[in-house]
Every structure is written in C-alpha cells, then in structure tokens.
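Data first, discussion second: the structure below is written as structure tokens.
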Amino acid sequence: TLERLFTSRPALETAPLVPMASHRIKARDGLELVSYLTLPKGSDVGMDGRPDRPLPLVLNVHGGPWARDRYGYNPEHQWLANRGYAVLSVNYRGSTGFGKAFVNAADGQWGARMHDDLIDAVNWAVASKIAQKDKVAIYGGSFGGYAALVGLAFTPKDFACGVSIVGPSNLNTLLASIPPYWTAFLDNFRKRVADPRTSEGRALLRERSPLFRADKIERPLLIAQGANDPRVKQAEADQIVQAMTAKNIPVTYLLYADEGHGFARPENRLSFYAAAEAFLGQCLGGQKEPIGNDFRGASIAVPTGKEAVPGLGEALVRTGRP
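Numbers in the working numbering are just positions in the sequence shown, counted from 1, shifted up by 31.
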C-alpha cells in the first residue's frame, strides 16, 4: 500500500483536475514516442485513457528541443482540458531522457523527421478515435513555437490552426543571433541543426525555416513574442508576420514590450492565455471565457490581426492598449 506523505499544492486539491494518461506511439520508422494525453472531465467514462468519442485536440509541443515532457501535473494540459480539448504532448526524437541514440536521431532533422513524429502522433490520435481529424491545433513555445510554424507552413492541411510562442522562423538568423551565454553551446547547434559556416549548412537551414514557406500557410495562426527575448529575437516573429501580411495571409501577432523568452509577469501571462483561449475557441469550438479585463496591467500590444480573435480588439480598447 501507498501512504501519502504530503501535498505539494494543497490549493489544487479542490480544483476540478483530470488525470494524465501515458501512451507509447510508434513513429513511421518504428521509433517509440512516449507521449502524454489529458482528457476533459467526463469524456473518458471507462477511465482507459481514451475518450468515449473523438474530441478537438491540441498538440502541445515542448521546447528545447533537448528537453522532455513528463507525467504529472501540467497547468497547460489542465487549462486546455478544462476548455473541452484533448491535449497531447509527444516526446519526439531529440527529447532527452530516452538515451543518446534517441537524442542523436534528431541530428539534422529539424522540420523533417522531428516533425514527422508529431504528424505520426496526430495520425495515431485520429486513428485511435481520440481526435477529430479536422479539429487539431498545434501549440508550443521556443522549439515548440518553431514546430507550430512548421506545422502550418510545411503541412498546411494537417492542422486547423496554430499558436507559436517565441518560436524561430528563420534558422539562419536564429543561429547568427546566438546570445553570448550560448556561445559554448554553439558547436552543439552546428552539429545537431546545421552548420551555417558552410554553404550546405546555410541551404539546409533555409530549407527547414518556416519563413520561406510562409506563403503556404492557409490556417489561422497566433504568434506571441517578447520584445526583449535574447534567445529568439523579436525579428524572428517580425519576419514571418511581415512575409504573411505581404501575401495578405491573416495572422494575429501579440507583442510584449517587457518580456523575454517566455512570459514572466502574471498580468502578461493572463492576457496571453485569455487571447489564446479565444483564438482556440474560434478555431476548435471549445469553451472560452470572454476576455473581459484580463489585459489590465499587461504590456500586450497587437500590431496586426486583432480582428481575427473574438473580443481581442474590444479588450485592447478597454485597457488603452494598441
């Protein structure tokens, strides 16, 4: 028997949380992808880790990419499941914690086999009657934001919409703007992504950059960026937004003047999640709360695309934001 020793988050004990289930998904080349699925409350009567009917799904892609998703409490999983979505996180090749061979399998595979793993996971979810094929969103930050851009630009019909948070759009400019504290890590990038010092490397980086396929994007896209991001600079978001608007392709761009690589201030986090919830609700049909006063105290600005998200423009006016 197990004896509970302590509760680390007692405030959550009365919250309507739902369990997370683990699954092992086979990639097209046979690689096993350890993945985690969270379902809305009441959607899995049999408690077998699969819903009783297919649901809209959010593919939540972790950053890094040399990191991993883990089993346990995940606030974004709980938020999205509460809004009626199945939420799937996949340890695609390159994720850590599964051995050197698994990490090495991602060398040179940004936007290629790493993306195939995500597509294979979505196809598994559809075949397993977990996800509705026409209602799958791709969502993530940092490398996960890059994956969201790749999803919409490289496989434009596979996702209903995407949310990219501080995601690089141009791998050449990403590597050219490496911050000083990443210098020791630069050789790892050159080995595992591509080497921009060679013409072949620069060509590969361009080939795997969503910026140069921005004209292929046809589904709704929400981009969020910190203006002070030292890792993925604002130019990464600006470039793809400019490329899309030049082609009259709709995009909604959230910019935070006082944030960096991710959003630290609670007011900014609340404003982002309010906007993202409204965006996903329009795209996937899940539940959403009115934005209301969620922008109060936030530094949010929306340079383009405010009309594409219900309530976004009105919330900006109420709080005097541009």
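Note that beta-carbon positions come from the ideal geometry of N, C-alpha and C, so glycine has one too.
Small disclaimer: the values here were computed from a predicted structure and weren't measured.
From P251 to T32, what does the alpha carbon distance come to, in whole angstroms?
-> The residue you call residue 251 lines up with position 220 of the sequence shown. The residue you call residue 32 lines up with position 1 of the sequence shown. Those two C-alpha atoms are separated by around 50 Å.
How would you call P47, buried or exposed, if buried means at least 16 neighbouring beta carbons within 10 angstroms?
-> Here residue 47 refers to the residue found at position 16 of the sequence shown. By the Cβ-count criterion, P47 is exposed, with fewer than 16 other Cβ atoms from all chains shown falling within 10 Å of its own Cβ.
On the premise that K264 lies in contact with D138, defined as a C-beta separation below 8 Å, what is that separation, rounded to the nearest angstrom?
-> As a working mapping, residue 138 is identified with position 107 in the sequence shown. As a working mapping, residue 264 is identified with position 233 in the sequence shown. Not confirmed; about 25 Å, so no contact.
Just mark D75 as buried or exposed, buried being the case when its beta carbon has 16 or more other beta carbons within 10 Å.
-> Position 44 of the sequence shown, counted from the start, is the residue given in the question as residue 75. D75 counts as buried, since at least 16 other C-beta atoms from the protein chains shown sit within 10 angstroms of its C-beta.
Does the Cβ of F174 have 16 or more other Cβ atoms within 10 Å, making it buried, or fewer, making it exposed?
-> Along the sequence shown, one-based indexing puts residue 174 at 143. The residue is buried, with at least 16 neighbouring Cβ atoms inside 10 Å.
Sufficient close CB pairs (3 or more, under 8 Å) joining the segment 148–168 to the segment 203–221 = Below 8 Å, too few C-beta pairs join the segment 148–168 and the segment 203–221 to call them touching: fewer than three.
My guess is that Y116 and P87 are in contact by the Cβ rule of under 8 Å, so how many angstroms apart are they, rounded?
-> Here residue 116 corresponds to residue number 85 of the sequence shown, with the count starting at 1. Here residue 87 corresponds to residue number 56 of the sequence shown, with the count starting at 1. Confirmed, Cβ separation roughly 5 Å.
So, G95 versus G293, is the Cβ gap smaller than 8 Å?
-> Residue mapping note: residue 95 aligns to position 64 of the sequence shown, counting from 1. Residue mapping note: residue 293 aligns to position 262 of the sequence shown, counting from 1. Not in contact: G95 and G293 (Cβ atoms no closer than 8 Å).
Distance, A132 Cα to L343 Cα = To locate residue 343, count along the sequence shown from 1; it is residue 312. To locate residue 132, count along the sequence shown from 1; it is residue 101. One Cα belongs to L343, the other to A132, and the distance between them is close to 45 Å.
Can you give, in chain order, each stretch of the alpha helix (DSSP H) that sits fully within the segment 48–105 and has at least 4 residues?
-> Listed in chain order, there is nothing to give.
Helix, strand or coil: which one does DSSP assign to P334?
-> If you number the sequence shown from 1, residue 334 lands on position 303. Taken through DSSP and simplified to helix, strand or coil, P334 comes out as strand.
Mapping DSSP to helix, strand and coil, what is Q140?
-> Here residue 140 corresponds to residue number 109 of the sequence shown, with the count starting at 1. Three-state result, Q140: coil.
Whole angstroms is fine: what's the gap from M51's alpha carbon to Q273's?
-> As a position in the sequence shown, residue 51 is number 20, starting the count at 1. As a position in the sequence shown, residue 273 is number 242, starting the count at 1. Here the alpha carbons of Q273 and M51 stand approximately 39 Å from one another.
Helix, strand or coil at S195 according to DSSP, with G and I counted as helix | Locating residue 195 in the sequence shown gives position 164, counting from the first residue. Looking at S195 - three-state DSSP - the assignment turns out to be strand.
Give me the Cα-Cα distance between L206 and R228, rounded to the nearest whole angstrom.
-> Here residue 206 refers to the residue found at position 175 of the sequence shown. Here residue 228 refers to the residue found at position 197 of the sequence shown. If you take the alpha carbons of L206 and R228, they lie about 10 Å apart.
What is the rounded straight-line gap between the Cα of R262 and the Cα of E34?
-> The residue labelled residue 262 in the question sits at position 231 within the sequence shown. The residue labelled residue 34 in the question sits at position 3 within the sequence shown. Going by the C-alpha atoms only, they are around 44 Å apart.
Flag this pair as yes or no: are the beta carbons of A98 and L119 separated by less than 8 Å?
-> Your numbering for residue 98 matches position 67 in the sequence shown. Your numbering for residue 119 matches position 88 in the sequence shown. Cβ atoms of A98 and L119: not closer than 8 Å.
Would you list the residues sitting across from G257 in a DSSP beta bridge?
-> For the purposes of this step, residue 257 is taken as the residue at position 226 of the sequence shown. Y287, per the DSSP bridge assignment.
Proximity of A309 and V348 at Cβ, strictly below 8 Å = Locating residue 309 in the sequence shown gives position 278, counting from the first residue. Locating residue 348 in the sequence shown gives position 317, counting from the first residue. Contact: no.
What three-state label does DSSP hand S302 in the structure shown?
-> Within the sequence shown, the letter at position 271 stands for residue 302. Under the three-state reduction of DSSP output, S302 falls in the helix class.
Of all the options A307, E345, F129 and L62, which has the alpha carbon lying nearest to the alpha carbon of S195?
-> Taking the sequence shown and counting its residues from 1, one reaches residue 195 at position 164. For the set A307, E345, F129 and L62, the Cα lying nearest the Cα of S195 is the one of A307.
In this structure, does DSSP put G317 in helix, strand or coil?
-> For the purposes of this step, residue 317 is identified with residue 286 of the sequence shown, where counting begins at 1. In this structure, G317 counts as coil in the three-state DSSP scheme.
So L183 packs on I248, CB below 8 Å; how close in whole Å?
-> On the sequence shown, residue 183 is found 152 positions in, with the first residue counted as 1. On the sequence shown, residue 248 is found 217 positions in, with the first residue counted as 1. At roughly 5 Å, the Cβ-Cβ gap stays under 8 Å, so L183 and I248 are in contact.
Starting from Y177, follow its DSSP beta bridges and name the residues at the other end.
-> Taking the first residue of the sequence shown as position 1, residue 177 is located at position 146. Answer is none; Y177 lacks a bridge partner.
Compare the beta carbon distance of Y284 and T350 with 8 Å and say whether it is the shorter of the two.
-> Taking the sequence shown and counting its residues from 1, one reaches residue 284 at position 253. Taking the sequence shown and counting its residues from 1, one reaches residue 350 at position 319. The beta carbons of Y284 and T350 sit no closer together than 8 Å.
Name the DSSP beta bridge partners of Y170, please?
-> Counting from one through the sequence shown, the residue named residue 170 turns up at place 139. Looking at the DSSP assignment, Y170 forms a beta bridge with N91 and V194.
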